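Peer 1: Quick one: structure below, then a few questions.
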Amino acid sequence: MAAFEYAQAEEIRDAFSSHGVRYLFIGKSGAILLGFPDTTQDVVLFVERGQENGEALVSAIRELGFALSPKQAAEIVSGKDFIQLKNGPFDLDLVFAPDGIERFADAWSRHVDVEGFPVCHPDDIIASKAATNRVKDRESLPRLRSFRDNWVRNRP
Amino acid sequence: MDDRVGPSDEQQWIDEFEAAAKRPLRLRVRYAFIKTYRPVLDDEPFRAFDTMEDYRRWCETNLPDWLGYGRV
Numbered sequence: 571m572a573a574f575e576y577a578q579a580e581e582i583r584d585a586f587s588s589h590g591v592r593y594l595f596i597g598k599s600g601a602i603l604l605g606f607p608d609t610t611q612d613v614v615l616f617v618e619r620g621q622e623n624g625e626a627l628v629s630a631i632r633e634l635g636f637a638l639s640p641k642q643a644a645e646i647v648s649g650k651d652f653i654q655l656k657n658g659p660f661d662l663d664l665v666f667a668p669d670g671i672e673r674f675a676d677a678w679s680r681h682v683d684v685e686g687f688p689v690c691h692p693d694d695i696i697a698s699k700a701a702t703n704r705v706k707d708r709e710s711l712p713r714l715r716s717f718r719d720n721w722v723r724n725r726p
Numbered sequence: 440m441d442d443r444v445g446p447s448d449e450q451q452w453i454d455e456f457e458a459a460a461k462r463p464l465r466l467r468v469r470y471a472f473i474k475t476y477r478p479v480l481d482d483e484p485f486r487a488f489d490t491m492e493d494y495r496r497w498c499e500t501n502l503p504d505w506l507g508y509g510r511v
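Chains as they are written, first to last, in the numbering used here: chain U, 571 to 726; chain P, 440 to 511.
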């Protein structure tokens with residue numbers, strides 16, 4: 571499988587929009603959309619938990635080309651905290667309860683629109699990474715915090 | 440872990456942020472997303488975890504330490 575491409579980000583945006591999925595890019599993939607110069611191979615989406623949104627999400631990701639069994643689709647609709655999909659055109663992580671963020675509505679109220687892509691505010695991306703306390707996140711946090719400060723200073 | 444950085448690192452980062460901000464989004468995405476094989480993690484087409492704690496514990500139990508998914 572090749573690396574994730576911009577056209578695939580557009581496909582996510584368009585499919586999720588047409589199905590009315592409420593979601594946000596989060597993690598380093600979200601930071602990259604905000605302008606953070608770094609590398610990752612994870613596309614991580616923070617999705618609002620709920621039956622209707624879960625069903626819309628399943629429809630959207632099937633439209634993107636992910637092959638989901640009925641059992642897998644049910645696990646997504648039920649809003650399990652974390653789901654890894656590697657059965658489609660690109661790898662995709664779905665998170666319904668990211669560490670460090672209380673509610674989707676709170677993150678949505680602070681979110682940033684980047685050319686039509688809904689992205690978590692850098693403070694939420696940092697909060698979720700800090701809360702995980704993983705080695706790889708701890709290593710990237712100082713630079714991410716510096717990016718956040720620069721982003722806030724230069725935001726139009 | 441010591442998170443402090445020196446002023447020269449900080450200035451280098453700011454220079455990188457400002458250079459990145461001048462690039463179109465499409466180009467930033469092309470530079471940022473990579474694909475390398477990650478043992479164990481990439482070996483199943485689908486995984487679902489009831490809780491984030493389950494996921495974190497699974498990572499610590501099953502993934503090689505060098506991938507960095509373990510907690511500090």
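Idealized CB from N, CA, C, for every residue including glycine. Please read these numbers as outputs of a predicted model, since none were measured by experiment.
1) Enumerate in chain order the residues of its own chain whose CB-to-CB distance from U:S710 is below 8 angstroms, with the five nearest sequence positions on each side excluded.
2) With a floor of 3 residues, list each beta strand (DSSP E) that falls wholly inside the segment 463-504 of chain P, ordered by position along the chain.
3) Do P:F471 and U:T610 have their C-beta atoms within less than 9 angstroms of each other?
4) Measuring alpha carbon to alpha carbon, tell me which residue in P:F456, P:P446, P:R465 is nearest U:R723.
5) Tell me the rounded alpha-carbon separation between P:G445 and U:R583.
6) Does any CB atom of chain P fall closer than 9 angstroms to the CB of U:A667?
7) Can you give the Cα-Cα distance for U:G615 and P:R510, rounded to whole angstroms?
8) When the Cα atoms are used, what is the spatial distance from P:M440 to U:R708?
9) Give the secondary structure of U:Q654 by DSSP, where H, G and I count as helix, E and B as strand, and everything else as coil.
10) Give the list of continuous alpha helix (DSSP H) stretches no shorter than 4 residues that lie fully inside the segment 606-671 of chain U.
11) Within 9 angstroms of any Cβ in chain U, is that where the Cβ of P:V511 sits?
12) How about P:T475: is its C-beta nearer than 9 angstroms to some C-beta of chain U?
13) Is U:V705 helix, strand or coil by DSSP?
14) Using the beta-carbon of each residue, which ones in chain U are nearer than 7 angstroms to P:P484?
Peer 2: So, to answer that:
1) K598, D608, K699
2) 485-488
3) Sequence check: residue 471 of chain P is Ala here, not Phe. Yes, the Cβ-Cβ distance between P:A471 and U:T610 is below 9 angstroms.
4) P:F456
5) 39 angstroms
6) yes
7) For the record, residue 615 of chain U in the displayed sequence is Leu; it is not Gly. Computed Cα separation, rounded: 22 angstroms.
8) Unreliable placement is indicated for P:M440, whose pLDDT of 49 sits below 50; the coordinate value is still reported in the next sentence. When rounded, the distance between both Cα atoms is 8 angstroms.
9) strand
10) 621-634, 640-647
11) yes
12) yes
13) helix
14) For P:P484, the C-beta contacts it makes with chain U under 7 angstroms involve K656, N657, in order along the chain.
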